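Take a look at the structure below.
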Amino acid sequence: MEQLIKTVILGVIQGLTEWLPISSSGHLKLAERFLGLSVPLVFDVILHVGTLMVILAFFKSDVKGVLLALMRLDFKTDYGKLIPLIIVGTVPTAFIGLVLHTFLEEFLQEVLTIAVAFIACGMVLFSAKAGREEKGEIGFFEAFLVGVVQGIAVIPGLSRSGLTIAVALLLGIRKEKAFKFSFLLSVPAVIGALALTMCTEFDRLVISSFGLAEAVVGMGAALIVGYLALKLLWKVLAKGKFHLFAFYCWMLGISLITAFFLGFL
761 MEQLIKTVIL GVIQGLTEWL PISSSGHLKL AERFLGLSVP LVFDVILHVG TLMVILAFFK
821 SDVKGVLLAL MRLDFKTDYG KLIPLIIVGT VPTAFIGLVL HTFLEEFLQE VLTIAVAFIA
881 CGMVLFSAKA GREEKGEIGF FEAFLVGVVQ GIAVIPGLSR SGLTIAVALL LGIRKEKAFK
941 FSFLLSVPAV IGALALTMCT EFDRLVISSF GLAEAVVGMG AALIVGYLAL KLLWKVLAKG
1001 KFHLFAFYCW MLGISLITAF FLGFL
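What follows is the structure, encoded as structure tokens:
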């Protein structure tokens, strides 16, 4: 029962923070450290699958349109034009993400690093307020830059959704297009992360003691909360209040730094 409760808590944390621009990886690391809620590797895989399911459900018409255009090799329609843009954005994401994960993984797990990342994330989120919706379309340059920040967002404390949407807004992309492109671009990134975990950590997955009940409950919590959080994010973004998430990131980052230098961490 205790394991089941912990799984629900982790699922709720993931569901909220994966979609709201406040860093799911940062919150999960803090949950591990302060609540004693270790995240089993198999649960991480389950969350990746859950993330894909939420995106496919929320953006089902857009995903269907992109897939149909890809199968028809039709790159002239609106959905077809997204395909090369997603590819251009995915390349820097994969490169930067792999480099940071390979060479700086231990450093990125430090509480002080996460705290600074939260503050930096808040700065980017707040700067999105200055964005002017001037461009109707996303070009290759914009797609590449959004892909770069998506790769950087593997750092715990930086929000993938927050950084990608904020940068798109700063580049003059309209809210709806920035929102959709951010999450469509995340699909190959999530699939890649899932494949990498399965290939490099397969032995740990096989011997995991994580049960079916925990898997179902954890994914269910993440899916339900995640879908609602994604709807909330769109409403906040549409109302022009996206930058307000910055204050939460700043508060959390400053609190962690203060606690660190006072010797509580």
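Converting from the sequence shown to the numbering used here requires adding 760 to each position, the first position being numbered 1.
All residues carry an ideal CB built from backbone N, CA and C; glycine is no exception.
Being a predicted model, the structure only gives us computed values, none of them experimental.
Put simply, of 828, 853 and 852 the residue whose alpha carbon is nearest the alpha carbon of residue 842 is 828. For residue 877, the CB contacts under 7 angstroms within the same chain, skipping 5 residues up- and downstream, are 786, 915, 916, 917 and 918 in chain order. With a cut-off of 8 angstroms on Cβ pairs, the stretch 771–778 is in contact with the stretch 974–987, counting three or more such pairs. When rounded, the separation of the alpha-carbon atoms in residue 806 and residue 890 is 37 angstroms. Proximity to residue 881 across 870, 1012 and 978 peaks at 1012, based on C-alpha coordinates.
The continuous alpha helix (DSSP H) containing residue 832 extends over residues 820–832.
Sequence-distant partners of residue 835 (beyond 5 residues in either direction) whose C-beta falls short of 8 angstroms from its own C-beta, in its chain, are 829, 841, 843 and 844. Residue 933 carries a strand assignment under DSSP once its states are collapsed to helix, strand and coil. The beta carbons of residue 885 and residue 1024 sit no closer together than 8 angstroms. Inclusion of residue 978 and residue 814 in the CB contact set at 8 angstroms is not warranted, their separation being larger than that value. Residue environment for residue 959: exposed (fewer than 16 other C-beta atoms within 10 angstroms of its C-beta). Contact annotation: the stretch 989–1004 does not touch the stretch 866–875, with fewer than three C-beta pairs closer than 8 angstroms. Annotation for residue 907: 848, 849, 850, 851, 852, 853 and 945 place their beta carbon closer than 8 angstroms to its own, counting only its chain and skipping 5 residues before and after. Less than 8 angstroms separates the beta-carbon of residue 993 from that of residue 780. Judged by beta-carbon spacing, residue 929 lies beyond the 8 angstroms limit of residue 905, meaning their Cβ atoms are not closer than that value. According to the DSSP assignment, residue 914 belongs to no alpha helix (DSSP H), since it is labelled neither H nor E. In this structure, residue 947 places its C-beta atom within 8 angstroms of the C-beta atom of residue 812. Residue range 784–794 is occupied by the alpha helix (DSSP H) that includes residue 785. For residue 846, the three-state secondary structure derived from DSSP is helix.
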